[in-house]
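Shown next, in structure tokens, is the structure this report addresses.
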Amino acid sequence: MKMNPLGSTGLTVTEVGFGVLTIGGTQLNLPLAEGASLIRYALERGINFLDTAQYYRTYPYIRRALKGTSFTPVIVSKCLYGSYGQMQEAIEEARKELDRDIIDIFLLHEVRSDMDMEQRAGAFSCLQDYKSKGIIKAAGISTHHVDVACIAAKNPYIDVLFPLINYKGLGIRNGKDPGTRESMALAIKAAADSGKGVFAMKVLGGGILSADYRTAIEYVRDLPGISSIMMGFGYKHEIDRIIEMMEGTLPLDYKPDLSSKRIFIDQGDCEGCEACLHRCPNKAIYMNEKGQANIRYDICLTCGYCAPVCPVRAIIML
Ligand code: SF4
Ligand code: SF4
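FYI, in my numbering the residues of the sequence shown are 3 to 320.
Below, the structure written as structure tokens:
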């Protein structure tokens with residue numbers, strides 16, 4: 003698979019990475035051996051870039067996948083919390099659970115505004131300290147927000163930007179409003195032009211755009227400034243197809259089989275706004291006692307209408 007430099011970080015990554023959120027407890031919840039085997043398969047097929055996070059609880063899969071092998075993938079992890087101590091704890095936890103002295107990239111996870119960035123200054127300062135000690139090689143942020151990506155593009159201490167972008171603009175935010183793919187693409191280019199490494203998330207809109215597979219992948223892959231696209235895989239054949247897609251051998255009329263797909267709500271992200279509840283044409287969503295959305299699978303049509311209205315991209319298709 004084609005390798006790209008990740009901005010000025012000195013790291014080189016494959017043009018597709020494996021976002022391992024899909025195999026963990028909040029999504030497919032694969033048995034440890036099965037999830038590790040899937041990661042190992044991706045590595046054997048040439049993918050060298052793995053995305054995880056403290057919140058995903060997927061470190062054991064990666065550790066097991068790498069055990070006894072000579073693979074040395076670039077690993078990115080992230081922390082949702084804001085204080086110096088919380089970030090320190092997150093980095094040390096990753097080092098211990100991954101059995102690695104060095105974590106290649108560590109990020110502030112899902113920065114939502116400039117104020118959020120300011121409130122997490124302690125955590126960011128910790129990233130800088132760990133970078134100066136050589137324990138992490140690059141620091142940065144992940145975000146769904148255009149306004150945050152624009153700020154990151156100008157911040158000399160940010161090495162890496164992990165933004166949400168897809169060809170329908172699903173889930174892109176700009177302040178309190180929806181953002182556009184065009185504005186995010188401009189922020190990505192600005193970040194890359196100033197030397198930041200940029201890799202993209204939610205290229206298939208959490209699975210909602212799978213029916214437009216080729217269009218969706220090509221749109222993000224070909225954007226100026228993108229070094230890699232992070233894909234969530236649950237099956238070996240999904241890894242095979244993306245590799246064929248990137249190598250130009252995938253049949254032009256390929257459409258993923260969506261018959262086993264289902265809509266899933268990530269309870270960790272749901273903010274209880276009820277937008278999905280009102281959008282569902284089949285009354286297949288209800289709010290639980292904690293005020294979070296749930297799906298009634300017996301009447302869900304898997305139409306995907308609910309996903310685009312979720313302001314935090316908590317609704318995905320697996
Ligand atoms: S996929 Fe369609 S039917 Fe299912 S919960 Fe979403 S909007 Fe409702
Ligand atoms: S639209 Fe998203 S945040 Fe709002 S209730 Fe539904 S899942 Fe939760």
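Beta carbons: idealized from backbone N, C-alpha and C, even for Gly. None of the values given here were measured: they were computed from a predicted structure.
A direct Cα-Cα distance of roughly 10 Å separates VAL78 from PHE164.
Boundaries for PHE73: no beta strand (DSSP E) harbours it, and the DSSP string shows neither H nor E there. Going by C-alpha positions, MET248 is about 8 Å away from MET3.
Not one heavy atom of ligand 1 lies closer than 7 Å to the C-beta of GLY227. Fewer than three pairs of CB atoms, one per stretch, sit closer than 8 Å, so the segment 195-204 makes no contact with the segment 295-307. Boundaries of the alpha helix (DSSP H) around LEU129: 123-134. Looking only at LEU109, ALA213 and SER144, the smallest Cα-Cα distance to ILE190 is reached by SER144.
The closest heavy atom of ligand 1 lies 7 Å or more from the beta carbon of GLY208. Relative to the Cα of ASP255, the nearest Cα in the group ALA295, PRO7, SER72 and ALA213 belongs to ALA213. When distances are taken from the beta-carbon of GLY274 to the heavy atoms of ligand 2, the shortest one is below 7 Å.
Assignment of PRO310 by DSSP, reduced to helix, strand and coil, places it in the helix class.
Counting C-beta atoms within 10 angstroms of its own C-beta, LYS178 has fewer than 16 neighbours from the protein chains shown and is therefore classed as exposed. By the beta-carbon neighbour count (other beta carbons within 10 angstroms, threshold 16), ALA151 is buried. Take ILE138, set aside five residues on each side of it, and the residues of its chain with a beta-carbon closer than 8 Å to its own are ILE93, ILE104, ILE105, ASP106, ILE107, PHE108, LEU129 and TYR132, in chain order. Taking the Cβ of TYR307 as the reference point, at least one heavy atom of ligand 1 falls within a distance shorter than 7 Å.
Spanning the alpha carbons of SER127 and ALA286 requires a straight line of approximately 44 Å.
Cβ contact annotation for ASN290 (same chain, cutoff 7 Å, sequence separation greater than five): ASN296, in chain order. Looking only at VAL15, GLY9, PHE20 and GLY227, the smallest Cα-Cα distance to LYS238 is reached by PHE20. Across the set GLY250, GLU46 and GLY37, the C-alpha of GLY37 shows the shortest separation from the C-alpha of ARG65.
About 6 Å separates the Cβ atoms of ALA55 and HIS111, confirming a contact at the 8 Å cut-off.
Measuring C-alpha to C-alpha distances from VAL311 to each of CYS275, THR74 and TYR288 identifies CYS275 as the nearest. In this structure, DSSP gives SER212 a helical state, which the three-state scheme calls helix. In terms of CA proximity to LYS170, VAL205 leads the group ALA154, VAL205, GLY12 and MET233.
Residue pairing by DSSP places ARG243 in no beta bridge whatsoever.
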